[in-house]
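Below is one structure, written out as structure tokens; the observations come after it.
Protein chains: 2
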Amino acid sequence: MPDIVVSRDELFRFARECFLRIGVPEEDAELIADHLVLANLRGIDSHGVIRIPYYLEGVERGYVRAKGEFKIVRESPIMALVDGGGGLGIPVAARAAKLVIQKAKAMGVSVVCARNLGHVGMLAYYTLKVAEAGMMGLAAANAPARVAPWGGSKPVFGTNPISFSIPAAGQPIAFDMATSRIADFKIRLALMRGDRLPEGVAVSSDGRPTTSPEEALQGSLLPFGEHKGYAISLMVETLSALLGGAPLSVNIVRHPSTQGGFFIMALDPSAFRDYGEYLADLERLISVIKSCPPARGFHEVLLPGEPEERMREKRLADGIPLEHSVWSMLVEVAERLGIELPRIRS
Amino acid sequence: MPDIVVSRDELFRFARECFLRIGVPEEDAELIADHLVLANLRGIDSHGVIRIPYYLEGVERGYVRAKGEFKIVRESPIMALVDGGGGLGIPVAARAAKLVIQKAKAMGVSVVCARNLGHVGMLAYYTLKVAEAGMMGLAAANAPARVAPWGGSKPVFGTNPISFSIPAAGQPIAFDMATSRIADFKIRLALMRGDRLPEGVAVSSDGRPTTSPEEALQGSLLPFGEHKGYAISLMVETLSALLGGAPLSVNIVRHPSTQGGFFIMALDPSAFRDYGEYLADLERLISVIKSCPPARGFHEVLLPGEPEERMREKRLADGIPLEHSVWSMLVEVAERLGIELPRIRS
Chain A
1 MPDIVVSRDE LFRFARECFL RIGVPEEDAE LIADHLVLAN LRGIDSHGVI
51 RIPYYLEGVE RGYVRAKGEF KIVRESPIMA LVDGGGGLGI PVAARAAKLV
101 IQKAKAMGVS VVCARNLGHV GMLAYYTLKV AEAGMMGLAA ANAPARVAPW
151 GGSKPVFGTN PISFSIPAAG QPIAFDMATS RIADFKIRLA LMRGDRLPEG
201 VAVSSDGRPT TSPEEALQGS LLPFGEHKGY AISLMVETLS ALLGGAPLSV
251 NIVRHPSTQG GFFIMALDPS AFRDYGEYLA DLERLISVIK SCPPARGFHE
301 VLLPGEPEER MREKRLADGI PLEHSVWSML VEVAERLGIE LPRIRS
Chain B
347 MPDIVVSRDE LFRFARECFL RIGVPEEDAE LIADHLVLAN LRGIDSHGVI
397 RIPYYLEGVE RGYVRAKGEF KIVRESPIMA LVDGGGGLGI PVAARAAKLV
447 IQKAKAMGVS VVCARNLGHV GMLAYYTLKV AEAGMMGLAA ANAPARVAPW
497 GGSKPVFGTN PISFSIPAAG QPIAFDMATS RIADFKIRLA LMRGDRLPEG
547 VAVSSDGRPT TSPEEALQGS LLPFGEHKGY AISLMVETLS ALLGGAPLSV
597 NIVRHPSTQG GFFIMALDPS AFRDYGEYLA DLERLISVIK SCPPARGFHE
647 VLLPGEPEER MREKRLADGI PLEHSVWSML VEVAERLGIE LPRIRS
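Chains A and B, in that order, are what the protein sequence lines are. If you use the numbering used here, the first sequence corresponds to residues 1 to 346, in order. If you use the numbering used here, the second sequence corresponds to residues 347 to 692, in order.
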């Protein structure tokens, strides 16, 4: 059965209405809708509109608030600690990103930490905003514990994503990755489909390497890149939880609407050097990477984030395909809230 | 044949005299000696006194200067771009670290980039200084090209190390790692010993996976953690070369005395929150990690940097063992420069 295909604008309209309907302020509903639809455009469907029913459920169950009071707890010209008032995470993180951009534009460097907020979604959403403002962006967030430290057999870290962006003459470069070897939702997918997992991605609750999705769900995911990825997970935990006083991953309620803390930094190259020279050096680096002859088994060398950028262009033109299982979730939400479904592309 | 064992102080005395003898200013010679000896203490012997003959050679051949003029090119209360005047890298990077500490202590956040400097050695040397000053440190450096981008078959990145440190009530936590899967010197070691390489660490110059050290030397190393480690390598390249205008890895002269650019950042937790509460949360995180039951094949879960810290304590007490091949290099240097060798422990 082919996927349902909808346009970016129709999906945005639908997502926006869902959040308006449960009392989310208009600006916040638009930020969330813009974010989820961008995730689908970039092919990161796990962070797209599939989150709508979960975010709604998070509000119903009281894990997050439809409207949280955004408060600046501490502030200087170059830093801020913000409290999201327990609200849905995307609008809080988007405001934190706006703040870091303003401060770094004025001062060259800035760091903002946010605590007490829900799931912030796809970190590239925020680092891309920083790069579109002509600066490098670094973002990190911790999440409910699912990943064992290297050599361990119990979850200590969340999938603790990290994202970095590089402003360019054309489209910015941005990567955004979990520090687990594979994403948690891929385990759930394997379980649904009856597939085995690849080797080296999970351990059972008694510490044995496992390829069983059931055992992996009761056990732990493993960090990417063995002990080195473990170190990066710890860096993410430190920046996003310890620096701003957000909960440790082991203390976060586990639900797709929750998160720990959020860290974002912006660095303006023009504070350090001539921006035109920076761009020229970046173009040289891009050209060295793109002209690198591929290794056996590869067709070309891609920049980090390039597959997502290509997908965005394709889906903007051709529409966003939604799996039937996701579409059914949207149908259920539409009926419950009395919202018109996104028009299906013929 | 057992290793030669020397004390920390004797090795420091010897290293200091070597650099004084070739015209390195006293303060710089002490910084370099302190750095190399700390690397040996921590068990990072590839960045210890084995570097002495290479740094001397770098000066003789004109890759680096015994005395470079340290110049601040741009500066604000929170950032600086420094030029090392082509000098030996360690004193330049140590001064950049001192600057970042002063600025972050005053302002909460600071970034310093350095360009035009030699090999900066072990990044943990600098991030540990930041952590000893009560702040989180992030350092990165690019290096002569040896690592292919993911999917590629020619060197584009250096082994591009990254280091992060976390201030604690006791010893700080610090990790310091190459973003290649294994270090370049391990390839040379395998070649000398006639060993094969592990799988997945290198490709030949025509893009085939290889376990031959000869082919790996002519080919490329691979990033750690596949495409995710590649993204981290690119982040290191961006922060250390593009931000401050240092050479790209592909443009750095290849010698053990050379480097690209150096990036260091300091973040003061007390600018964001109560420092005592920060320390209490960190202790909780450490205790969660250390009490994690080990996975099969492991005896205990270690913190990043914990093996190096244990080694430091052991070698401070028992002395620093030097392989005979390294000792012979020191004998040659001692004779050539007329310096008394480190006294051997009985």
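Yeah, the Cβ is synthetic: ideal placement off N, Cα and C, and Gly gets one too.
How far does the alpha helix (DSSP H) with residue i in it extend, from its first residue to its last?
i	result
A:D357	Because chain A in this structure spans residues 1 to 346, residue 357 of chain A falls outside the shown range and cannot be described.
B:K475	A470 to E478
B:V405	R397 to E406
A:P209	Neither: A:P209 is in no alpha helix (DSSP H) and is coded neither H nor E.
A:A66	From DSSP, A:A66 is part of no alpha helix (DSSP H); its letter is neither H nor E.
B:A579	As written in the sequence, residue 579 of chain B is Ser, which differs from the Ala given in the question. Run containing B:S579: E572 to E583, per the alpha helix (DSSP H) assignment.
B:M693	One cannot answer for residue 693 of chain B here, as it falls past the ends of chain B, which runs 347 to 692.
A:S287	Y275 to K290
List the residues that DSSP assigns as beta-bridge partners of residue i.
i	result
B:G464	B:T604
A:V263	As written in the sequence, residue 263 of chain A is Phe, which differs from the Val given in the question. Paired residue(s): A:C113 and A:A140.
A:D83	A:K71 and A:R115
B:P569	B:S526
A:I344	A:V6
B:P640	A:G152
What span of residues does the beta strand (DSSP E) with residue i cover, start to end?
i	result
A:F272	Not the beta strand (DSSP E): A:F272 falls in the alpha helix (DSSP H), residues P269 to F272.
A:I320	I320 to L322
A:I4	I4 to V6
Practice task
Identify each residue in the segment 208 to 240 of chain A for which the Cβ-Cβ distance to at least one residue of chain B is less than 8 Å, and report them in chain order.
Solution key: R208, P209, F224, G225, E226, H227, K228, G229, Y230, A231, I232, L234, M235, E237, T238 and L239
Handout entry: Near-chain A residues of the segment 515 to 538 of chain B - C-beta to any C-beta below 7 Å
Key = F521 and M523
Problem - Continuous alpha helix (DSSP H) assignments of at least 4 residues falling wholly in the segment 147 to 206 of chain A - result: 184 to 193
Exercise for the section: Would you check if the segment 534 to 551 of chain B and the segment 466 to 476 of chain B touch, i.e. whether three or more CB-CB distances between them fall below 8 Å? Expected result: no
Handout entry: the segment 472 to 488 of chain B contacting the segment 441 to 456 of chain B, beta-carbon criterion three pairs below 8 Å
Key = yes
Practice task
Give a yes or no on contact between the segment 78 to 86 of chain A and the segment 281 to 297 of chain A, applying the rule of three or more CB pairs nearer than 8 Å.
Solution key: no
Practice task
Can you give me, in chain order, the residues of the segment 275 to 287 of chain A that have a beta carbon less than 8 Å from any beta carbon in chain B?
Solution key: E277, Y278, D281, L282, R284 and L285
Practice task
Give the residues from the segment 632 to 654 of chain B that approach chain A closer than 7 Å (Cβ to any Cβ), ordered along the chain.
Solution key: V634, I635, C638, P639, P640, A641, R642, F644, V647, L648 and P650
Handout entry: Selection of the segment 398 to 430 of chain B by Cβ proximity to chain A, strictly under 7 Å
Key = R420, S422, I424, M425 and L427
Practice task
Inspect the CB distances between the segment 492 to 499 of chain B and the segment 611 to 626 of chain B and report whether three or more fall short of 8 Å.
Solution key: no
Handout entry: the segment 206 to 213 of chain A touching the segment 645 to 662 of chain B, judged by at least three CB pairs closer than 8 Å
Key = no
Handout entry: Interface residues of the segment 253 to 275 of chain A facing chain B [CB-CB below 7 Å]
Key = L267, P269, A271, F272 and R273
Problem - Inter-stretch contact (C-beta, 8 Å, three-pair minimum) for the segment 404 to 419 of chain B and the segment 369 to 382 of chain B - result: yes
Exercise for the section: Determine contact between the segment 255 to 272 of chain A and the segment 236 to 246 of chain A, defined as no fewer than three beta-carbon pairs at a distance below 8 Å. Expected result: yes
Problem - Cβ pair count under 8 Å reaching 3, the segment 34 to 52 of chain A against the segment 164 to 171 of chain A - result: no
Exercise for the section: Identify each residue in the segment 83 to 117 of chain A for which the Cβ-Cβ distance to at least one residue of chain B is less than 8 Å, and report them in chain order. Expected result: M107, G108, V109, S110, V111 and C113
Exercise for the section: Determine contact between the segment 225 to 243 of chain A and the segment 560 to 577 of chain B, defined as no fewer than three beta-carbon pairs at a distance below 8 Å. Expected result: yes
Practice task
Name, going along the chain, the residues of the segment 150 to 168 of chain A whose beta-carbon falls closer than 8 Å to a beta-carbon of chain B.
Solution key: W150, G151, G152, S153, K154, V156, F164 and I166
Problem - Against chain B: residues of the segment 123 to 137 of chain A by CB proximity under 9 Å - result: M136
Problem - Residues within the segment 355 to 377 of chain B neighbouring chain A, beta-carbon criterion of under 8 Å - result: none
Practice task
Decide if the segment 3 to 20 of chain A is in contact with the segment 310 to 329 of chain A; the criterion is three or more beta carbon pairs, one per stretch, under 8 Å apart.
Solution key: yes
Practice task
Mind the definition here: the segment 35 to 52 of chain A touches the segment 138 to 145 of chain A only if three or more C-beta pairs lie below 8 Å; say whether that holds.
Solution key: no
Exercise for the section: Name, going along the chain, the residues of the segment 315 to 339 of chain A whose beta-carbon falls closer than 8 Å to a beta-carbon of chain B. Expected result: none
Practice task
May I ask you to verify whether the segment 513 to 529 of chain B touches the segment 319 to 333 of chain A, counting CB pairs closer than 8 Å and requiring at least 3?
Solution key: no
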